[in-house]
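Heads up: the structure comes next, in structure tokens.
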Amino acid sequence: MAPSRSALFSLLLSALPLVSAQECTLQFDGRTPDDFAAADFDANNNIFSPDNVFGQGLSFGQLIKLPNAGLSIFDDGTAPFEVTISDDSIFPLPRQRANGLPPRRAHPGLQLRHRPSTTGVKTLHFSLMKDAARPLNLSHEYQLVFLESNDFSTNQVVLKTGTILGGNTADPDTLQLFGNVNQGNLLFSTAFTAGVFHNFGVLLDFNALLLLHRLRPLEEQTDAIANDVSGQGQFHFGVLKKPTDSAGDITKDGFQEAGIDEGIIFGGIFQEDSSDGCISLSL
Ligand SMILES: *[C@@H]1O[C@H](CO)[C@@H](O)[C@H](O)[C@H]1NC(C)=O
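Letter by letter, the sequence shown follows residues -21 to -1, 1 to 262 in mature numbering (1 follows the signal peptide of the UniProt record, and there is no 0).
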């Protein structure tokens, strides 16, 4: 049973002294060294799994770009990378689907699996930026960061942009953080300003949720919000493009335009243990 919102809020505020330096225990770290080449994503490394969700015949090295976009507030000696999608970014693979039209998607999987990252009290950090050379088509819905439950039945938390399929999106050029999609609550939204990193810290106490988002350094944006984050699963960072005009099952119907070259730049991906109250606001 979820505690009331106000109880959570006071609990969190009294229990969590925010720290400005990065002194918290890391749970996982998705920051790649600044001398990492795109091809290094294809080799076994301790950061991202080289075989994860992308189109048949593609390798991660082919869809990762290394833009000259500067650093996120949580990169130092590490560098952002871009995840791109093209007409070949088709997943599920043909053999895994009955028919129809899968979403266009590419997202590296963090190799560290994952149970401990979905228990206790953790803060998920990530930064993301638009690439002016590879704009998204905001007529579509995109999922950029999400926690997908072990049984694939839900996303417990998901950052979207664009026109939410079946939704009512006033301004699609907005970063929209939703809680568990079974409830469909919009927890936070902010204009997806071009040319800057948007730095997020999402406190997941696996009953509640507190969002930190600011350009520099992080600032608290919401109280704790009750949200169902049960079901464990895996964190994804990348680009999942849904079709337009889908009646419901996006793997079976809808429209995907051809000739796409789209991407999102990611930096500063890591998760820290906040059970002792530690949340990093900047490096
Ligand atoms: C955006 O997507 C819609 C739906 O797929 C498509 O009809 C339109 O041509 C696209 N616009 C651009 C600028 O690519």
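For each residue, glycine too, the CB sits at the ideal point set by N, CA and C.
query                                                                                                                                                                                         : result
How would you call F176, buried or exposed, if buried means at least 16 neighbouring beta carbons within 10 angstroms?                                                                        : buried
May I ask whether a heavy atom of ligand 1 can be found less than 8 Å away from the beta carbon of H177?                                                                                      : no
Which runs of the alpha helix (DSSP H), 4 residues or longer, sit entirely within the stretch 13 to 46?                                                                                       : 39 to 42
What three-state label does DSSP hand residue 284 in the structure shown?                                                                                                                     : Only positions -21 to 262 of the chain appear in the structure, and residue 284 is not among them; the question remains open.
Since residue 283 sits in a beta bridge, which residues does DSSP pair it with?                                                                                                               : Since the displayed the chain opens at -21 and closes at 262, residue 283 lies outside it and no answer follows.
Out of N134, P151 and S132, point me to the one whose CA is closest to G141's CA.                                                                                                             : P151
The beta strand (DSSP E) with R193 in it runs from where to where?                                                                                                                            : A187 to R193
Looking at the secondary structure, which residues open and close the beta strand (DSSP E) in which I177 lies?                                                                                : Residue 177 is actually His in this sequence, not Ile. That run of the beta strand (DSSP E) goes H177 to L183.
Would P114 pass as an interface residue toward chain B - the criterion being a Cβ-Cβ separation below 9 Å?                                                                                    : Among the chains in the structure shown there is no chain B, since it carries only a single protein chain.
So V160 packs on N186, CB below 8 Å; how close in whole Å?                                                                                                                                    : Incorrect: roughly 17 Å between the Cβ atoms, too far for contact.
Could you check whether the stretch 220 to 230 touches the stretch 13 to 27, counting it as contact only if at least three pairs of C-beta atoms, one from each stretch, sit closer than 8 Å? : no
Taking just the CA atoms, how far does G34 sit from V181?                                                                                                                                     : 29 Å
Taking just the CA atoms, how far does L156 sit from L123?                                                                                                                                    : 10 Å
Helix, strand or coil for S259 per DSSP?                                                                                                                                                      : strand
Strictly closer than 7 Å from CB to any heavy atom of ligand 1: give me those residues in the order they appear in the chain.                                                                 : N116, S118, H119, T223, F234, Q235 and E236
For Q250, which residues in the same chain have their Cβ closer than 6 Å to its Cβ, ignoring the five residues on either side in sequence?                                                    : Q6, F7, S96, K101 and L103
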